[in-house]
Structure formats: C-alpha cells, structure tokens
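Novice:
Residue numbers (this note's numbering): 5 to 122.
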C-alpha cells in the first residue's frame, strides 16, 4: 500500500518500502543497535540483515495517513535494552515524520537477538 501526500501543487505517492528503508536506516544509526533482523520462520532464528535489506526488518502500516511502524532489531550485548529502545523509538519517529510529513502514531520494537561486538 502506498501513502498519498496532498500538496498545493499536486499529490505525492510514496511507496511503503521507501518509508521502511527510512525507518531502518534511522534505526541503524542509533547507539546499541547492531542491525535489523529477519526471522527465519522455519527455525525461529534471527538473521542480521545487510544494509541493502533494511526494509525487511520493518513493517509499515498506514491508517488515515497515520503510520504504525514495527521494527525487528538486534541489539549489542551489554546495553540497557529499555534505554536503547526508547532512544530508537524517538529517533525513528522523528526521522520518519521529518522525511514524510506524516504522523507516526506508534513504533513497536521487537528485540529479536543480541550480538557481541568485537
């Protein structure tokens, strides 16, 4: 599903994948986030996604031009997970709202794994 943004000069249609990539990129900039996760449904293991696949760890839902975002992440070992997630929530909300001009009503975060960073 696409998002339609009305302006005085016409309409702008933004694909969900663009919003998902924006959210994924913003998430990866946050402290304590190793990357986005994709779940292998067969064995339930979290798989760390490469930069070009950031949108796969993000689900965007649109209702009345308001966005709901689900993030599947992998965190760094030893971080305070609630603090990292709160910072992540605020950062993604701000960056996506800045990018699209639409309201982000919820950012749900699923911590699917932890990695030790060298």
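Beta carbons: idealized from backbone N, C-alpha and C, even for Gly. Keep in mind it's a predicted model, so treat the numbers as computed, not measured.
1. Hey, quick one: how far does the alpha helix (DSSP H) through residue 3 stretch, first residue to last?
2. With a threshold of 8 Å on Cβ separation, who are the neighbours of residue 93 within its own chain once the five nearest residues in sequence on each side are excluded?
3. Exposed or buried, which one is residue 13 when buried takes at least 16 other CB atoms within 10 Å?
4. Give the secondary structure of residue 107 by DSSP, where H, G and I count as helix, E and B as strand, and everything else as coil.
5. Check each candidate in 106, 77, 104, 116 and name the one with the smallest Cα separation from residue 35.
Specialist: Let me lay it out:
1. Because the chain is modelled from 5 through 122, residue 3 falls outside the range shown and cannot be assessed.
2. Along the chain shown, read from residue 1 onward, the residue named residue 93 stands at position 89. Within the same chain, residue 93 has close Cβ partners 111, 113.
3. Reading the chain shown from its first residue, position 9 is the one you call residue 13. It is exposed - the Cβ of residue 13 has fewer than 16 other Cβ atoms within 10 Å.
4. Translated into the one-based positions of the chain shown, residue 107 becomes position 103. Residue 107 falls in the strand class under three-state DSSP.
5. Along the chain shown, read from residue 1 onward, the residue named residue 35 stands at position 31. Of 106, 77, 104, 116, the residue nearest in Cα terms is 77.
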